[in-house]
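Participant: These protein sequence lines are chains S and G, in that order. Letter by letter, the first sequence follows residues 1 to 114 in my numbering. Letter by letter, the second sequence follows residues 115 to 222 in my numbering.
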Amino acid sequence: GAGVSQSPRYKVAKRGQDVALRCDPISGHVSLFWYQQALGQGPEFLTYFQNEAQLDKSGLPSDRFFAERPEGSVSTLKIQRTQQEDSAVYLCASSSGFLDGEQFFGPGTRLTVL
Amino acid sequence: DAKTTQPTSMDCAEGRAANLPCNHSTISGNEYVYWYRQIHSQGPQYIIHGLKNNETNEMASLIITEDRKSSTLILPHATLRDTAVYYCIVALDYKLSFGAGTTVTVRA
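1) Could you compute how far the alpha carbon of S:G59 sits from the alpha carbon of S:A2?
2) Mind checking the segment 151-182 of chain G against chain S and listing, in chain order, the residues whose C-beta falls within less than 9 Å of any C-beta there?
3) In whole angstroms, give me the CA-to-CA distance for G:N133 and S:S27.
4) Measure the alpha-carbon distance for S:S73 versus S:D24 and round it to whole angstroms.
5) Any idea what DSSP makes of G:D196, helix, strand or coil?
6) Measure how close the beta-carbons of G:L187 and G:V220 come, nearest whole angstrom, since I'm counting them as under 8 Å.
7) Using the beta-carbon count (16 or more within 10 Å), is S:L39 buried or exposed?
8) Examine chain S for any beta-carbon lying closer than 8 Å to the beta-carbon of G:A198, and answer yes or no.
9) In angstroms, rounded to a whole number, what distance separates the CA positions of G:N137 and G:I153?
10) I'd like to know whether the C-beta of S:G28 is nearer than 8 Å to at least one C-beta of chain G.
11) Name the chain G residues whose beta carbon is nearer than 8 Å to that of S:F49?
12) Work out the CA separation of S:F66 and S:D183 for me, nearest whole Å.
13) If I measure Cβ to Cβ from S:G97 and keep anything under 8 Å in the same chain, skipping five residues before and after, which residues do I get?
14) In terms of DSSP beta bridges, what is G:L176 paired with?
15) Nearest-angstrom Cα distance between S:V4 and S:R69?
16) Locate the beta strand (DSSP E) running through S:T112, then write down its first and last residues.
17) Going by beta carbon distance, what residues of the same chain come within less than 6 Å of S:Y48, once the five residues before and after it are set aside?
18) Where does S:E68 fall in DSSP's three states?
19) How many Å lie between G:A205 and G:E145 at the Cα?
20) Using the Cα positions of G:T179 and G:T170, report the straight-line distance between them to the nearest angstrom.
21) Does the beta carbon of S:D24 come closer than 8 Å to any beta carbon on chain G?
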């Protein structure tokens, strides 16, 4: 079946622009996660949704980062007024469980801020 | 969450077993040990997880010591496609902390 998909796969933004990254989780998965992966490092947790509720946003680095999942399926990660330090791969994952278990990752969106 | 320590890199021969060690001496009683891997330019892929008992699935085996302070991931017959960064993660719930992982290179 279809896995987690993300779009766009690559995004180049000028510093100060706003960007929106989309995640389509596996159908029926209640849990959705966003991670940020800087070059040469492991992914770092950003935020967690259970259906449409954002239960944990402790990893969001600043108030310029905003995530939503209004209907409990597709999610969007928005970054306002992008900075060069926002350059990274943004990974989305989904899970059928509520709090733990296997997370299925998408291929990521590589964001480059010039 | 407890932290883990893994070797930075390791090589193994194609067709041989690959044994990947991980230390997690500060693990608490209800934290799981997860293993994920990430092949270049792809998202991480779940391999296996366990709490106390050894676990085996179609991809790998996970051996956890009795005191739970360390574990070993075993890839029984490594192939070139197993070349990846392998992450050992200790987690109570959904919040996975990946660390730097072990870069495993399988050589023909």
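Ideal placement from N, C-alpha and C gives every residue a C-beta, glycine not left out.
Facilitator: Straight from the coordinates:
1) Indexing the first sequence from 1 puts residue 59 of chain S at position 59. Indexing the first sequence from 1 puts residue 2 of chain S at position 2. Each residue's alpha carbon lies about 28 Å from the other.
2) Q152, S155, Q156, G157, P158, Q159, Y160 and H163
3) Residue 133 of chain G sits at position 19 when you count from the first residue of the second sequence. Residue 27 of chain S sits at position 27 when you count from the first residue of the first sequence. Their backbone Cα atoms lie some 35 Å apart in a straight line.
4) Reading the first sequence from its first residue, position 73 is the one you call residue 73 of chain S. Reading the first sequence from its first residue, position 24 is the one you call residue 24 of chain S. The straight-line gap from Cα to Cα measures roughly 7 Å.
5) Here residue 196 of chain G is taken as the residue at index 82 of the second sequence, counted from 1. If DSSP states are grouped into helix, strand and coil, G:D196 belongs with the helices.
6) For the purposes of this step, residue 187 of chain G is identified with residue 73 of the second sequence, where counting begins at 1. For the purposes of this step, residue 220 of chain G is identified with residue 106 of the second sequence, where counting begins at 1. The Cβ separation is near 14 Å, so there is no contact.
7) Taking the first residue of the first sequence as position 1, residue 39 of chain S is located at position 39. By the neighbour-count rule (16 or more Cβ atoms within 10 Å), S:L39 is not buried but exposed.
8) What you label residue 198 of chain G is simply residue 84 of the second sequence in a count that begins at 1. Not closer than 8 Å to any Cβ of chain S, the Cβ of G:A198 fails to qualify, so no.
9) Numbered from 1 along the second sequence, position 23 holds the residue referred to as residue 137 of chain G. Numbered from 1 along the second sequence, position 39 holds the residue referred to as residue 153 of chain G. Spanning the two alpha carbons is a distance of roughly 22 Å.
10) Sequence index remark: in the first sequence, residue 28 of chain S carries index 28 (1-based). Output row for S:G28: interface = no.
11) Here residue 49 of chain S refers to the residue found at position 49 of the first sequence. Here the premise fails: no neighbours, minimum Cβ distance about 10 Å.
12) Shown here, chain S extends from 1 to 114; a query on residue 183 of chain S therefore has no answer.
13) Translated into positions along the first sequence, residue 97 of chain S becomes position 97. Taken in chain order, the residues that qualify are V30 and S31.
14) Position 62 of the second sequence, counted from the start, is the residue given in the question as residue 176 of chain G. Paired residues: G:E169 and G:L187.
15) The residue you call residue 4 of chain S lines up with position 4 of the first sequence. The residue you call residue 69 of chain S lines up with position 69 of the first sequence. Rounded to the nearest angstrom, the two C-alpha atoms are 15 Å apart.
16) Counted from its first residue, the first sequence places residue 112 of chain S at position 112. Per DSSP, S:T112 belongs to the beta strand (DSSP E) from T109 to V113.
17) Numbered from its first residue, the first sequence carries residue 48 of chain S at position 48. F33, L55 and D56, listed in sequence order.
18) As a position in the first sequence, residue 68 of chain S is number 68, starting the count at 1. Three-state DSSP puts S:E68 in a strand.
19) Indexing the second sequence from 1 puts residue 205 of chain G at position 91. Indexing the second sequence from 1 puts residue 145 of chain G at position 31. Their Cα atoms are separated by approximately 5 Å.
20) Within the second sequence, numbered from 1, the residue matching residue 179 of chain G stands at position 65. Within the second sequence, numbered from 1, the residue matching residue 170 of chain G stands at position 56. C-alpha separation (whole angstroms): 15 Å.
21) Along the first sequence, one-based indexing puts residue 24 of chain S at 24. Chain G contact via Cβ: absent.
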